[in-house]
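Top line first, the protein sequences correspond to chains A and B.
Here my numbering is used: position 360 in the first sequence is 661, and no number is missing along the way.
Here my numbering is used: position 300 in the second sequence is 601, and no number is missing along the way.
Scroll down for the structure; my scribbles are underneath it.
There are 2 protein chains.
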Amino acid sequence: MTAIRVLASELGSHIGQQVRVAGWLHRKRELKSVTFLIIRDRSGLAQVVLREVAVPADLTEETVIQAIGQVIASSQAPGGAEISGPQLTLLSPPAEPSPVDLYRPTLTAALPTVLDHAPTTLRHPLLRAGFEISAASVAGFRAALDARGFTEIQTPKIVGSATESGATVFAIDYFGQPAYLAQSPQFYKQAMVGVFERVYETGPVFRAEPHDTARHLAQYTSLDAEFGFITDHHDVMAMLRDVLAGMVAAVRERVRCATKLLDVILPQIPDPIPEVHFADAQGLIAASAGWDPRGEPDLSPADERWLGEWAVREHGSELLYVTGFPLAKRPFYTHQDPERPGYSRGFDLLFRGMELVTGGQRLYRFGDYLAAIAERGEDPARYDGYLQAFRYGMPPHGGFAIGLERWTARLTGAANIREVTLFPRDLHRLSP
Amino acid sequence: MTAIRVLASELGSHIGQQVRVAGWLHRKRELKSVTFLIIRDRSGLAQVVLREVAVPADLTEETVIQAIGQVIASSQAPGGAEISGPQLTLLSPPAEPSPVDLYRPTLTAALPTVLDHAPTTLRHPLLRAGFEISAASVAGFRAALDARGFTEIQTPKIVGSATESGATVFAIDYFGQPAYLAQSPQFYKQAMVGVFERVYETGPVFRAEPHDTARHLAQYTSLDAEFGFITDHHDVMAMLRDVLAGMVAAVRERVRCATKLLDVILPQIPDPIPEVHFADAQGLIAASAGWDPRGEPDLSPADERWLGEWAVREHGSELLYVTGFPLAKRPFYTHQDPERPGYSRGFDLLFRGMELVTGGQRLYRFGDYLAAIAERGEDPARYDGYLQAFRYGMPPHGGFAIGLERWTARLTGAANIREVTLFPRDLHRLSP
Numbered sequence: 302m303t304a305i306r307v308l309a310s311e312l313g314s315h316i317g318q319q320v321r322v323a324g325w326l327h328r329k330r331e332l333k334s335v336t337f338l339i340i341r342d343r344s345g346l347a348q349v350v351l352r353e354v355a356v357p358a359d360l361t362e363e364t365v366i367q368a369i370g371q372v373i374a375s376s377q378a379p380g381g382a383e384i385s386g387p388q389l390t391l392l393s394p395p396a397e398p399s400p401v402d403l404y405r406p407t408l409t410a411a412l413p414t415v416l417d418h419a420p421t422t423l424r425h426p427l428l429r430a431g432f433e434i435s436a437a438s439v440a441g442f443r444a445a446l447d448a449r450g451f452t453e454i455q456t457p458k459i460v461g462s463a464t465e466s467g468a469t470v471f472a473i474d475y476f477g478q479p480a481y482l483a484q485s486p487q488f489y490k491q492a493m494v495g496v497f498e499r500v501y502e503t504g505p506v507f508r509a510e511p512h513d514t515a516r517h518l519a520q521y522t523s524l525d526a527e528f529g530f531i532t533d534h535h536d537v538m539a540m541l542r543d544v545l546a547g548m549v550a551a552v553r554e555r556v557r558c559a560t561k562l563l564d565v566i567l568p569q570i571p572d573p574i575p576e577v578h579f580a581d582a583q584g585l586i587a588a589s590a591g592w593d594p595r596g597e598p599d600l601s602p603a604d605e606r607w608l609g610e611w612a613v614r615e616h617g618s619e620l621l622y623v624t625g626f627p628l629a630k631r632p633f634y635t636h637q638d639p640e641r642p643g644y645s646r647g648f649d650l651l652f653r654g655m656e657l658v659t660g661g662q663r664l665y666r667f668g669d670y671l672a673a674i675a676e677r678g679e680d681p682a683r684y685d686g687y688l689q690a691f692r693y694g695m696p697p698h699g700g701f702a703i704g705l706e707r708w709t710a711r712l713t714g715a716a717n718i719r720e721v722t723l724f725p726r727d728l729h730r731l732s733p
Numbered sequence: 302m303t304a305i306r307v308l309a310s311e312l313g314s315h316i317g318q319q320v321r322v323a324g325w326l327h328r329k330r331e332l333k334s335v336t337f338l339i340i341r342d343r344s345g346l347a348q349v350v351l352r353e354v355a356v357p358a359d360l361t362e363e364t365v366i367q368a369i370g371q372v373i374a375s376s377q378a379p380g381g382a383e384i385s386g387p388q389l390t391l392l393s394p395p396a397e398p399s400p401v402d403l404y405r406p407t408l409t410a411a412l413p414t415v416l417d418h419a420p421t422t423l424r425h426p427l428l429r430a431g432f433e434i435s436a437a438s439v440a441g442f443r444a445a446l447d448a449r450g451f452t453e454i455q456t457p458k459i460v461g462s463a464t465e466s467g468a469t470v471f472a473i474d475y476f477g478q479p480a481y482l483a484q485s486p487q488f489y490k491q492a493m494v495g496v497f498e499r500v501y502e503t504g505p506v507f508r509a510e511p512h513d514t515a516r517h518l519a520q521y522t523s524l525d526a527e528f529g530f531i532t533d534h535h536d537v538m539a540m541l542r543d544v545l546a547g548m549v550a551a552v553r554e555r556v557r558c559a560t561k562l563l564d565v566i567l568p569q570i571p572d573p574i575p576e577v578h579f580a581d582a583q584g585l586i587a588a589s590a591g592w593d594p595r596g597e598p599d600l601s602p603a604d605e606r607w608l609g610e611w612a613v614r615e616h617g618s619e620l621l622y623v624t625g626f627p628l629a630k631r632p633f634y635t636h637q638d639p640e641r642p643g644y645s646r647g648f649d650l651l652f653r654g655m656e657l658v659t660g661g662q663r664l665y666r667f668g669d670y671l672a673a674i675a676e677r678g679e680d681p682a683r684y685d686g687y688l689q690a691f692r693y694g695m696p697p698h699g700g701f702a703i704g705l706e707r708w709t710a711r712l713t714g715a716a717n718i719r720e721v722t723l724f725p726r727d728l729h730r731l732s733p
């Protein structure tokens with residue numbers, strides 16, 4: 302019991318030593334005169350070999366065990382080393398066998414089954430790998446912004462009025478008053494530009510989406526950044542480019558095994574990322590794609606896919622900025638393009654043919670906000686708290702929001718965003 | 302306009318150069334033949350000197366401006382340098398004067414006024430400093446755990462049943478179904494010990510606290526950690542000790558100005574932090590404090606204060622672990638102390654005489670959960686999703702949760718937790 306605990310991935314550097322490994326029994330293979338136990342811990346798999354030893358009958362897969370024994374070199378074992386002739390201790394047996402075979406290389410169960418049994422199925426190396434990539438991405442996002450003078454903030458998730466429109470928010474009973482779950486930290490991160498100039502937040506946002514699709518969730522993680530003293534949206538696009546490069550670098554450095562397991566091909570992030578104006582993008586599609594999107598105020602999923610392929614062909618890039626979206630389809634705080642009436646300084650970033658990030662320059666003068674709200678026929682009183690920030694001097698600013706689960710899904714090739722969302726929430730799912 | 306932007310804190314290393322500073326007009330002082338403008342940016346204050354130049358009449362405080370000019374050494378100016386004879390550009394004027402004078406060294410407004418005008422008052426260096434300390438603390442928390450093999454997780458904030466008891470949760474209409482805001486990530490972080498062994502989360506938690514006190518909020522930021530393969534709660538206490546040391550180190554390294562401004566005296570984190578058993582703590586109080594808490598199942602605020610002073614006297618420590626809290630007052634997942642019936646392996650950490658962290662070892666065997674839930678007269682079906690994790694093999698584990706705002710309030714000496722909470726939510730406050 303006194304041997305030090307060594308992780309599975311470290312066994313190779315302890316050959317000849319007495320060590321302790323601990324984890325879950327991933328697989329038991331009983332041959333005639335030898336039994337192999339594969340123990341899974343947070344670092345990977347360790348092979349334990351028992352010869353001429355009776356294996357306890359209740360030693361089923363997912364039992365939590367520890368093995369103390371000598372490390373010997375073995376070219377057959379994962380990591381080139383195994384533990385021989387160990388002393389075994391059962392730390393915690395399962396109450397019943399796992400509903401899915403976690404030791405099989407792939408998970409064959411259907412997604413609803415996988416999600417219903419998430420506390421167990423997430424233990425499967427393939428599923429788990431997605432969340433390692435997700436965690437590394439968040440770390441890379443923060444590191445890139447920390448290095449650029451940003452301050453992290455924590456904003457309210459319960460708000461007195463809906464952020465951008467009342468259509469898709471969750472209502473909550475707030476001590477008898479009506480309130481809502483925040484659908485984005487947009488208003489607060491803008492206000493905090495007035496305090497710290499450069500801020501970010503990594504936190505949950507809530508959308509009461511009645512859509513039952515592979516890309517919508519009721520809760521997701523939004524990686525939000527906002528900063529001041531910009532010239533226009535191109536400063537925001539340049540910052541986002543650097544942040545994405547930081548996220549890719551963090552995934553590359555922190556989770557080598559997970560990316561290999563999932564055959565993740567990390568994108569090259571060009572500097573700068575190529576861009577095309579919304580109107581020109583529609584023109585390109587009309588000229589070559591076989592349909593004519595001109596006149597539409599937004600891009601369709603088919604438009605996005607076509608543009609994604611076009612960017613690879615034309616620029617050798619899996620990333621493409623589409624700039625200048627029509628003002629009519631963007632939130633009221635979007636800054637117009639002074640040189641092209643009707644168009645905005647808002648952009649989308651397409652990644653592998655799908656919108657991944659929305660961003661842009663925002664309005665920053667108090668009077669412009671009053672005019673924009675009036676133009677939408679809304680009452681500025683509803684935005685009273687928000688408008689305070691602009692009443693007392695705000696610099697030109699802008700920002701962006703990356704949907705973490707969408708990012709991870711695109712990176713790993715997950716067909717459904719739920720595969721890379723921890724205990725997803727949707728129209729039909731509130732548990733586990 | 303082409304001069305590079307330099308931050309206020311960097312002026313001293315640009316003497317003799319032409320630079321651009323940009324920020325908010327913090328203070329304007331017009332003397333007979335000279336005007337001083339103090340510009341505030343994210344790094345601090347910069348002094349700009351205008352001689353024989355008419356200052357625009359509408360240049361009021363909180364105007365966003367930039368000044369391009371030459372940096373000259375000046376022993377009178379903040380940072381030992383100032384900008385002389387600049388060319389000024391007004392980037393964004395305020396619509397009206399600020400409701401509070403942000404240039405005064407202290408904020409004299411009452412707390413409700415400060416909070417009502419948070420987008421503006423947060424710009425005051427004293428208020429802002431608390432949030433810099435808060436951000437540095439979170440970064441230190443993560444860095445300490447990243448270095449120890451933890452994985453960051455993002456868990457659901459909308460749950461199908463209340464986490465620990467139904468008393469203080471917010472109800473939400475979830476697509477017509479009843480649901481609740483998560484009062485802690487407890488169940489999810491435990492489940493994830495089965496996947497990653499070591500996990501943490503930094504995120505919002507929600508309590509429908511009907512208390513109108515200086516230490517209760519409806520939303521706060523919980524720094525949660527949970528990990529497996531422990532012997533008992535002492536492993537959790539040792540980990541928490543290292544995490545706190547990491548948080549203090551991060552504050553020391555990242556936010557020197559803010560700690561100086563607020564006269565923050567960072568605590569020494571002893572190794573180990575002294576500990577006293579709950580029963581012994583009550584005995585000490587009974588013997589010396591002038592009241593007898595024995596028989597009470599919990600510590601009162603007065604007990605905590607007395608123990609805080611005792612720890613300083615006896616151990617020279619501002620931190621004290623109280624271990625072995627009676628099982629009756631701890632959540633059902635708390636591990637009992639096998640050697641002292643009725644007592645638990647749960648602990649509180651007192652910091653400067655107030656509870657800051659709660660933690661402990663948890664139950665880990667499926668059967669023990671069924672028994673604990675039955676003993677409280679509850680239906681295990683209610684905990685179905687949660688219990689899955691334990692059904693299929695879980696190691697001995699434990700963890701803790703640090704209330705970020707409480708931590709920052711204790712560190713900065715804030716009398717009310719709302720001073721260090723960004724846009725606080727309480728019984729009476731839902732905006733801004």
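Note that the Cβ used here is the ideal one computed from N, Cα and C, for glycine as well.
Taken in chain order, the members of the segment 305-325 of chain B whose beta-carbon sits within less than 9 angstroms of a beta-carbon on chain A are Arg306, Leu308, Ala323, Gly324 and Trp325. Cβ proximity to chain B below 8 angstroms picks out Asp685, Gly686, Tyr687, Gln689, Ala690, Phe691, Arg692, Tyr693, Gly694, Met695, Pro696 and Pro697 from the segment 680-701 of chain A. Taking CB atoms only, A:Phe633 has no neighbour in chain B less than 8 angstroms away. Secondary structure of B:Ile566 (DSSP, three-state): coil. The beta-carbon distance between B:Leu657 and B:Ile703, rounded to whole angstroms, is 7 angstroms. This is short enough to meet the 8 angstroms contact definition. Counting only unbroken stretches of 4 or more residues, the alpha helix (DSSP H) elements lying wholly within the segment 403-440 of chain A are 412-417 and 419-422, in sequence order. In the DSSP annotation of this structure, the continuous segment of the beta strand (DSSP E) that includes A:Thr390 starts and ends at Ala382 to Ser393. As for any alpha helix (DSSP H) of minimum length 4 sitting wholly inside the segment 657-695 of chain A, the runs are 667-676 and 685-692, ordered along the chain.
In the DSSP assignment, B:Ala472 is bridged to B:Tyr481.
Between the alpha carbons of A:Val415 and A:Glu363 lies a distance of about 17 angstroms. Here the alpha carbons of B:Gly654 and B:Phe626 stand approximately 17 angstroms from one another.
Interface annotation for the segment 471-501 of chain A against chain B: Phe471, Ala472, Ile473, Asp474, Tyr475, Phe476, Gln478, Ala480, Leu482, Tyr489, Ala492, Met493, Gly495, Val496, Phe497, Glu498 and Arg499, criterion Cβ-Cβ distance under 8 angstroms.
Rounded to the nearest angstrom, the Cβ distance from A:Ala472 to A:Phe724 is 22 angstroms, too far for a contact under 8 angstroms. B:Pro406 has a beta carbon lying at 8 angstroms or more from every beta carbon in chain A. In chain order, Pro696 and Pro697 make up the part of chain B whose C-beta sits under 7 angstroms from the C-beta of A:Leu392.
Not a single CB atom of chain A sits nearer than 8 angstroms to the CB of B:Pro387. In summary, no residue of the segment 344-356 of chain B has a CB separated from any CB of chain A by less than 7 angstroms. Ranked by Cα distance from B:Val335, the options B:Thr514, B:Val365, B:Ala304 and B:Gly386 are led by B:Gly386. At a cut-off of 8 angstroms between beta carbons, A:Gly504 contacts chain B.
Considered as a whole, the segment 584-633 of chain A harbours 602-616 as its complete alpha helix (DSSP H) runs of no fewer than 4 residues, in chain order. Close partners of A:Phe724 in chain B (Cβ separation under 7 angstroms): Thr456, Pro457 and Tyr489. Annotation: the continuous alpha helix (DSSP H) that includes A:Tyr489 extends over Gln487 to Phe497. Excluding residues up to 5 positions away in sequence, Pro681 lie with their Cβ nearer than 7 angstroms to the Cβ of B:Leu671 in the same chain. Against chain A, the CB of B:Pro395 has a partner CB under 8 angstroms away; the residue lies at that interface. Around the Cβ of B:Gln478, a 10 Å sphere holds fewer than 16 other Cβ atoms; the residue is exposed.
Shown here for A:Ala368: same chain residues with a beta carbon closer than 6 angstroms to its own, the five before and five after excluded, namely Val322, Val349, Ile384, Pro387 and Leu389 in chain order.
Proximity of chain B to A:Pro733 at the Cβ level (cut-off 8 angstroms) is accounted for by Ala492, Asp685, Gly686, Tyr687 and Gln689, in chain order. Within 7 angstroms of the CB of A:Arg429, the CB atoms of chain B belong to Val496, in sequence order along the chain.
Residue pairing from DSSP places B:Val350 in a beta bridge opposite B:Phe337 and B:Ser385.
Spatial neighbours of A:Val460 in its own chain (CB-CB distance under 6 angstroms, excluding positions within 5 residues in sequence) are listed in chain order as Tyr481 and Ala483.
By the Cβ neighbour-count rule, B:Ser645 is buried, with 16 or more other Cβ atoms within 10 Å of its own.
Rounded to the nearest whole angstrom, the C-alpha separation of A:Gly504 and B:Phe488 is 19 angstroms.
For the segment 413-429 of chain B, residues whose beta-carbon sits nearer than 7 angstroms to a beta-carbon of chain A comprise His418, Pro420, Thr421, Leu423, Arg424 and Arg429. Of all C-beta pairs linking the segment 505-523 of chain B to the segment 694-701 of chain B, fewer than three are shorter than 8 angstroms, placing the two stretches out of contact.
Approximately 7 angstroms separates the beta-carbon atoms of A:Leu541 and A:Leu650; this is inside 8 angstroms, confirming the contact.
The alpha-carbon separation between B:Ser310 and B:Asp474 amounts to approximately 49 angstroms.
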